[in-house]
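>
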Amino acid sequence: MDKQKDIMIPEPLLMPVIEVEHSFFWESLSKNELRIQKCSNCAILRYPPNPMCSQCQFFEHSWELMSGNGEIFSYVVTHQPTHSAFRDRTPLATVIVELDEGPRLVSNILNISPSEIKIGMKVRVVFQKMDDEITLPFFELID
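Per the numbering used here, the sequence shown starts with residue 46, numbered consecutively.
(1) How is the alpha helix (DSSP H) around residue 131 delimited, first residue to last?
(2) CA-CA distance, residue 183 and residue 173?
(3) In the DSSP output, what is residue 119 paired with across the bridge?
(4) Can you tell which of 101, 137 and 130 has the C-alpha that lies nearest to the C-alpha of residue 120?
(5) Would you tell me roughly how many angstroms separate the C-alpha atoms of residue 161 and residue 113, rounded to the nearest one?
(6) Quick check on the burial criterion: 16 or more other C-beta atoms within 10 angstroms. Buried or exposed for residue 169?
(7) Could you pull out every residue in the same chain whose Cβ sits closer than 8 Å to the Cβ of residue 54, ignoring the five residues on either side in sequence?
(8) Got a sec? Which residues, its chain only, sit under 6 Å from residue 122 by beta carbon, not counting five neighbours each side?
(9) By Cβ distance, which residues of its chain are closer than 8 Å to residue 107, with the 5 residues on each side in sequence left out?
(10) In three-state terms, what does DSSP make of residue 53?
(11) So the alpha helix (DSSP H) residue 69 belongs to, where does it begin and stop?
(12) Assign residue 60 to one of two classes, buried (16 or more other C-beta atoms within 10 Å of its C-beta) or exposed (fewer than that).
(13) DSSP state of residue 182, grouped into three classes?
(14) If we ignore side chains and look at the alpha-carbon of each, how far apart do residue 166 and residue 155 end up?
(15) Does DSSP put residue 99 in a helix, a strand or coil?
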């Protein structure tokens, strides 16, 4: 997955804090790869990353490369900014994307009005480098 878009996102946007146990997830995003933890014992894909599998309590895992394709499982549109960083970003659609491989990610969908979003729309991941440390996974409609 080497797809990257130059997306105009108003500054300043609140950035996530990278915890040590999640660092490989963020490193993979910086390489334009979406990788999800896979339990080495029961093979369940788990997101967000955790030190221990919630199904079998096994600690060992691998990081599986995802296709980045999925569909909108659910969404909510925020009309009133809950923080000053979102003042010029409302209405803002927050989507839950169910990847083709199963895990669900919370993100935003680009290049579509929040009023046009429908559950079941097919989407794919696009990567946006926000600064030297953070690349975020956003989604766009599949043509």
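Even for Gly, the Cβ is constructed at its ideal location relative to N, Cα and C.
Inspection of the coordinates gives the following:
(1) The count along the sequence shown starts at 1 and reaches residue 131 at position 86. Note, residue 131: premise wrong, no alpha helix (DSSP H); not H, not E.
(2) Working through the sequence shown from its first residue, we reach residue 183 at position 138. Working through the sequence shown from its first residue, we reach residue 173 at position 128. Roughly 7 Å between the two C-alpha positions.
(3) Here residue 119 refers to the residue found at position 74 when the sequence shown is read from its first residue. Partner(s): 141.
(4) Counting from 1 along the sequence shown, the entry for residue 120 is found at position 75. Looking at the Cα atoms, 137 is the closest of the given residues.
(5) Reading the sequence shown from its first residue, position 116 is the one you call residue 161. Reading the sequence shown from its first residue, position 68 is the one you call residue 113. Whole-angstrom Cα-Cα distance: 21 Å.
(6) Working through the sequence shown from its first residue, we reach residue 169 at position 124. Under a 10 Å Cβ-count criterion, residue 169 is classified as buried, with 16 or more other Cβ atoms of the shown protein chains found around its own Cβ.
(7) Here residue 54 refers to the residue found at position 9 when the sequence shown is read from its first residue. Note that residue 54 scores 49 on pLDDT, short of 50, meaning its location in the model is unreliable; the coordinates nonetheless yield the value given after this. Hits under 8 Å: 173 and 175.
(8) The residue labelled residue 122 in the question sits at position 77 within the sequence shown. Cβ neighbours of residue 122 beyond the five flanking positions: 136, 138 and 159.
(9) If you number the sequence shown from 1, residue 107 lands on position 62. Contacts found: 82, 83 and 85.
(10) By 1-based counting over the sequence shown, the position of residue 53 is 8. With a pLDDT of 49 at residue 53, under the threshold of 50, the modelled position of this residue cannot be trusted; read the value that follows with caution. Coil.
(11) As a position in the sequence shown, residue 69 is number 24, starting the count at 1. Counting along the chain, the alpha helix (DSSP H) containing residue 69 begins and ends at 68-75.
(12) Position 15 of the sequence shown holds residue 60. It counts as exposed.
(13) Translated into the one-based positions of the sequence shown, residue 182 becomes position 137. Residue 182 falls in the strand class under three-state DSSP.
(14) By 1-based counting over the sequence shown, the position of residue 166 is 121. By 1-based counting over the sequence shown, the position of residue 155 is 110. For residue 166 and residue 155, the distance between alpha carbons rounds to 13 Å.
(15) Mapped onto the sequence shown, residue 99 falls at position 54. Reduced to three states, the DSSP call for residue 99 is coil.
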